[in-house]
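2 protein chains.
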Amino acid sequence: MLTNKTHIELEHLGKYKLIAHLSEYFQLKNNSSRLGIGDDAAVIAPAKPNVVMASKLIQEHIHFDLAYFPLKHLGYKAITIAVSDIAAMNARPTQIGVLLAVSNRFSLEAVEELMTGMQFCCTRYDIDLVGLDITSSHTGLSIAVNALGEVSPEQLTTRNGAQERDLICASGDFGAAYTGLLILEREKKVFEVNPKQQPDLTGLDYVLERQLKPEPRVDVVHDLVKCGIRPNAMINVSEGLAAAVLQICQASNLGCELYETKIPVDAVTFETLKSLNIVATTVALNGGEDYELLFTVPQADFDKVRQMENVAVIGYTQESAAGCNLITNDHRSIALRAQGFEQNEL
Amino acid sequence: MLTNKTHIELEHLGKYKLIAHLSEYFQLKNNSSRLGIGDDAAVIAPAKPNVVMASKLIQEHIHFDLAYFPLKHLGYKAITIAVSDIAAMNARPTQIGVLLAVSNRFSLEAVEELMTGMQFCCTRYDIDLVGLDITSSHTGLSIAVNALGEVSPEQLTTRNGAQERDLICASGDFGAAYTGLLILEREKKVFEVNPKQQPDLTGLDYVLERQLKPEPRVDVVHDLVKCGIRPNAMINVSEGLAAAVLQICQASNLGCELYETKIPVDAVTFETLKSLNIVATTVALNGGEDYELLFTVPQADFDKVRQMENVAVIGYTQESAAGCNLITNDHRSIALRAQGFEQNEL
Numbered sequence: 020m021l022t023n024k025t026h027i028e029l030e031h032l033g034k035y036k037l038i039a040h041l042s043e044y045f046q047l048k049n050n051s052s053r054l055g056i057g058d059d060a061a062v063i064a065p066a067k068p069n070v071v072m073a074s075k076l077i078q079e080h081i082h083f084d085l086a087y088f089p090l091k092h093l094g095y096k097a098i099t100i101a102v103s104d105i106a107a108m109n110a111r112p113t114q115i116g117v118l119l120a121v122s123n124r125f126s127l128e129a130v131e132e133l134m135t136g137m138q139f140c141c142t143r144y145d146i147d148l149v150g151l152d153i154t155s156s157h158t159g160l161s162i163a164v165n166a167l168g169e170v171s172p173e174q175l176t177t178r179n180g181a182q183e184r185d186l187i188c189a190s191g192d193f194g195a196a197y198t199g200l201l202i203l204e205r206e207k208k209v210f211e212v213n214p215k216q217q218p219d220l221t222g223l224d225y226v227l228e229r230q231l232k233p234e235p236r237v238d239v240v241h242d243l244v245k246c247g248i249r250p251n252a253m254i255n256v257s258e259g260l261a262a263a264v265l266q267i268c269q270a271s272n273l274g275c276e277l278y279e280t281k282i283p284v285d286a287v288t289f290e291t292l293k294s295l296n297i298v299a300t301t302v303a304l305n306g307g308e309d310y311e312l313l314f315t316v317p318q319a320d321f322d323k324v325r326q327m328e329n330v331a332v333i334g335y336t337q338e339s340a341a342g343c344n345l346i347t348n349d350h351r352s353i354a355l356r357a358q359g360f361e362q363n364e365l
Numbered sequence: 020m021l022t023n024k025t026h027i028e029l030e031h032l033g034k035y036k037l038i039a040h041l042s043e044y045f046q047l048k049n050n051s052s053r054l055g056i057g058d059d060a061a062v063i064a065p066a067k068p069n070v071v072m073a074s075k076l077i078q079e080h081i082h083f084d085l086a087y088f089p090l091k092h093l094g095y096k097a098i099t100i101a102v103s104d105i106a107a108m109n110a111r112p113t114q115i116g117v118l119l120a121v122s123n124r125f126s127l128e129a130v131e132e133l134m135t136g137m138q139f140c141c142t143r144y145d146i147d148l149v150g151l152d153i154t155s156s157h158t159g160l161s162i163a164v165n166a167l168g169e170v171s172p173e174q175l176t177t178r179n180g181a182q183e184r185d186l187i188c189a190s191g192d193f194g195a196a197y198t199g200l201l202i203l204e205r206e207k208k209v210f211e212v213n214p215k216q217q218p219d220l221t222g223l224d225y226v227l228e229r230q231l232k233p234e235p236r237v238d239v240v241h242d243l244v245k246c247g248i249r250p251n252a253m254i255n256v257s258e259g260l261a262a263a264v265l266q267i268c269q270a271s272n273l274g275c276e277l278y279e280t281k282i283p284v285d286a287v288t289f290e291t292l293k294s295l296n297i298v299a300t301t302v303a304l305n306g307g308e309d310y311e312l313l314f315t316v317p318q319a320d321f322d323k324v325r326q327m328e329n330v331a332v333i334g335y336t337q338e339s340a341a342g343c344n345l346i347t348n349d350h351r352s353i354a355l356r357a358q359g360f361e362q363n364e365l
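The listed protein sequences correspond, in order, to chains A and B. Going by this note's numbering, the first residue of the first sequence is number 20, and it counts up by one from there. Going by this note's numbering, the first residue of the second sequence is number 20, and it counts up by one from there.
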């Protein structure tokens, strides 16, 4: 996309020029995007009655490590993170606004790499970049993404609508992104000890891609419509499957039975974790950054759900008094737990 | 507002509990706010055809210094900064989403102070907090505010609609916020040398308040309607009056004559700057953080503009070839310049 690959320090460019330059590569495509970058605010004329809004802030040293995170992937992932929350409302993402805080050690080339990744994600999912602001940072890169989407009131799906004895369904698989992170952190340590040693990442493409370039499950939102399913409740699985299940149950005042044997874990994830002596279920339940969708449907929708690609039924809801339980592979029932519900690392 | 003033370290609170606790103090009041904090995304049912969106990110050490910035004021100001951009579209602000990155040296009390300031601003301007996320930071406080507003297409005002020989009008006065900052920085240095010396801030309330607790000029948007004025162009004056005038002229492909003698500067600002041996006009043109509105109207609206409180006509637009000029108090014409147009500190 951005052809100017000369190494230019950001401080030598005017802020307005930089924003104007970067915004050239983003054209507005959605009819609802009436005014994009360049005024005090963006203007949107929503085609549907409900607008949904979700914002995410990610920070260097906390959420990502530029030692192994390519900027292009980071840009893509930043969009995914915010857009996943739009998809989780059963809404179609339409616009995003981006705020960057960059240190002046960043070159124009680096910012362009980041924006190229954002452009890829926006193009892939028909999302318009309608806002961009860049400020300086003494302390590393910060990226805030604000995403808007549109949905009809009939399609809108919140966390709190699950009914007793709904099927609990999940898209994709779990634990891969966290496994990818473990590998990247391991290779970083190896590199620190011996910078000449090449990283051994053979066969690990899947878990690395899930960490470095996750996709927002906008396709699931489309598939739900195609299969005639309007879930009773839906949530973005960003902080582990267990937290997502507990959040739906808590919001809907229900309990659940979740089956360990039904939790989808990719073979590469499983084998990689095994080689690290880590139980895959633990990572699938608590790893985070999966950006899959978890939703509940009435049992009557079972045949419809079976038509959906890569969607698994992993349990069912039950009355609140029965609790939230994990039925383990050896048929024990244990209380489902997640970080953030009791105490949390923030 | 928040009654729990016990010193609690954030790491001892769960993230979900913290967000739930803080959100209790924000009730949804706008009919268009259908779902606030607590789901993956907020849901808005806009009452007007156009939604405007503006986002701002402010960071400790870059945009504010907690050595002298009370957290309550900082919360208020963070909202003002984003909402000013909504007002500049001639729109009514309706919702905000807030993202915080806080270091774990922050107590619950500190976060509550910050949110109290946000609550004050939201209450004053009938804005609903519909999104809140909190993440950790190794490097100081970051605050991202995303603001939404509503406007009819007839009222919507952009930067690029100014016509030749429009009157250039400005709300309020200029240079006060920057003057306040100079004073606060001076007193900080005095304190560093002699911590026992009390700061001398007598008579400086106005410039300090303009720095620490600026107001978004939502009232001007209401007054414009009341006086039957629909400006041809409007912009938020956040980076100095000169930059704002140049941005309207550039977007509208016009030049202008700006009269130094007409630029509104408060008496306290003027006297304070004089005591610091700084020319008031320089600060009024380039100081920044005024958050006033600059707009242009046809000459036929002159009598209507005169009805508006605290709005001054400071110049007029002209053909592009005539350039953008400042007519000084001694009747010289000099080219108007601003940071960010040639090169910028980001």
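Glycine included, C-beta positions come from ideal geometry on N, C-alpha and C. Being a predicted model, the structure only gives us computed values, none of them experimental.
Margin query: For residue 37 (chain B) and residue 50 (chain B), what's the separation of their Cα atoms in angstroms?
Written below: 26 Å
Note to self: Can you pull the chain A neighbours of residue 199 (chain B), defined as C-beta to C-beta under 7 Å?
What the structure shows: Chain A residues near residue 199 (chain B): none, gap ~21 Å exceeds 7 Å.
Next item on the list: From the DSSP output, in three-state form, read off residue 85 (chain B) for me.
Entry: coil
Note to self: Out of B:181, B:324 and B:118, which one is the CA nearest neighbour of residue 133 (chain B)?
What the structure shows: B:118
Notebook entry, point to check: Smallest Cα separation from residue 250 (chain A): which of A:108, A:52 and A:44?
Noted result: A:108
Notebook entry, point to check: When DSSP builds the beta bridges, which residues end up paired with residue 13 (chain B)?
Noted result: Residue 13 (chain B) lies beyond the stretch modelled for chain B, which goes from 20 to 365, so this question has no answer here.
Check: Would you say residue 69 (chain B) reaches chain A, if we count a Cβ-Cβ gap shorter than 8 Å as a contact?
Finding: yes
Notebook entry, point to check: Residues of chain A with CB under 8 Å from residue 267 (chain B), in chain order?
Noted result: Residues of chain A passing the Cβ test: none, with the nearest at roughly 10 Å.
Checklist line | Rounded straight-line distance, which links the Cα of residue 106 (chain A) to that of residue 77 (chain A) | finding: 19 Å
Notebook entry, point to check: Touching or not, the stretch 52-61 of chain B and the stretch 47-67 of chain A, by the rule of three or more beta carbon pairs under 8 Å?
Noted result: no
Notebook entry, point to check: Near residue 172 (chain B), which residues of its chain fall below 8 Å by C-beta distance, leaving aside the five closest residues on each side in sequence?
Noted result: 68 and 69
Next item on the list: Could you name the residues of the stretch 80-96 of chain B whose beta carbon sits closer than 9 Å to any beta carbon of chain A, in the order they occur along the chain?
Entry: 80, 81 and 82
Check: Secondary structure at residue 111 (chain B), three-state DSSP: helix, strand or coil?
Finding: strand
Item checked: Exposure label - residue 351 (chain A); buried when at least 16 CB within 10 Å -> exposed
Check: Cα-Cα, which of B:322, B:256 and B:321 is closest to residue 305 (chain B)?
Finding: B:256
Check: For residue 253 (chain B), which of helix, strand or coil comes out of DSSP?
Finding: strand
Checklist line | Exposure of residue 272 (chain B), with buried meaning 16 or more beta-carbon neighbours within 10 Å | finding: exposed
Notebook entry, point to check: So, does the CB of residue 157 (chain A) fall closer than 8 Å to a CB anywhere in chain B?
Noted result: yes
Margin query: To be precise: take each residue of the stretch 111-142 of chain A, compare its Cβ to all Cβ atoms of chain B, and keep it if any distance is under 9 Å. Which residues remain?
Written below: 114, 116, 117, 118, 119, 120, 121 and 123
Item checked: Neighbourhood of residue 283 (chain B) by C-beta distance below 6 Å, restricted to the same chain and skipping five residues each side -> 192 and 331
Next item on the list: Would you check if there are 3 or more beta carbon pairs closer than 8 Å linking the stretch 121-130 of chain B to the stretch 170-190 of chain B?
Entry: no
Note to self: Please classify residue 43 (chain B) as buried or exposed, where buried requires at least 16 neighbouring CB atoms within 10 angstroms.
What the structure shows: exposed
Notebook entry, point to check: Closest Cβ-Cβ distance between residue 174 (chain A) and chain B: below 8 Å?
Noted result: no
Notebook entry, point to check: For the stretch 286-293 of chain B against the stretch 337-355 of chain B, are there 3 or more C-beta pairs whose distance is under 8 Å?
Noted result: no
Margin query: Below 8 Å on C-beta distance, what does residue 336 (chain B) contact in chain A?
Written below: In chain order: nothing, as chain A lies at least about 18 Å away.
Check: Beta-carbon separation of residue 252 (chain A) and residue 179 (chain A) under 8 Å?
Finding: yes
Check: Skipping 5 residues on each side, what residues in its chain have a beta carbon closer than 7 Å to that of residue 374 (chain A)?
Finding: Residue 374 (chain A) lies beyond the stretch modelled for chain A, which goes from 20 to 365, so this question has no answer here.
Item checked: For residue 275 (chain A), the three-state DSSP class (helix, strand or coil) -> strand
Check: Between residue 78 (chain B) and chain A, is there a C-beta pair that is closer than 8 Å?
Finding: yes
Note to self: Tell me the residue span of the beta strand (DSSP E) that contains residue 294 (chain B).
What the structure shows: No beta strand (DSSP E) holds residue 294 (chain B); the alpha helix (DSSP H) holding it covers 286-294.
Margin query: In whole angstroms, give me the CA-to-CA distance for residue 71 (chain B) and residue 101 (chain B).
Written below: 11 Å
Next item on the list: Determine which residues of the stretch 98-111 of chain A have a Cβ less than 7 Å from any Cβ of chain B, and write them out in chain order.
Entry: 104, 105, 107 and 108
Item checked: Beta-carbon proximity check, residue 315 (chain B) vs residue 185 (chain B), cutoff 8 Å -> yes
Item checked: 8 Å Cβ cutoff met for residue 323 (chain B) and residue 267 (chain B) -> no
Note to self: Considering only their Cβ atoms, is the gap separating residue 139 (chain A) from residue 437 (chain A) smaller than 8 Å?
What the structure shows: Residue 437 (chain A) cannot be examined here, being either before or after the span of chain A that is shown, 20 to 365.
Check: What whole-angstrom Cβ distance do residue 236 (chain A) and residue 155 (chain A) have, given they're in contact under 8 Å?
Finding: Not confirmed; about 35 Å, so no contact.
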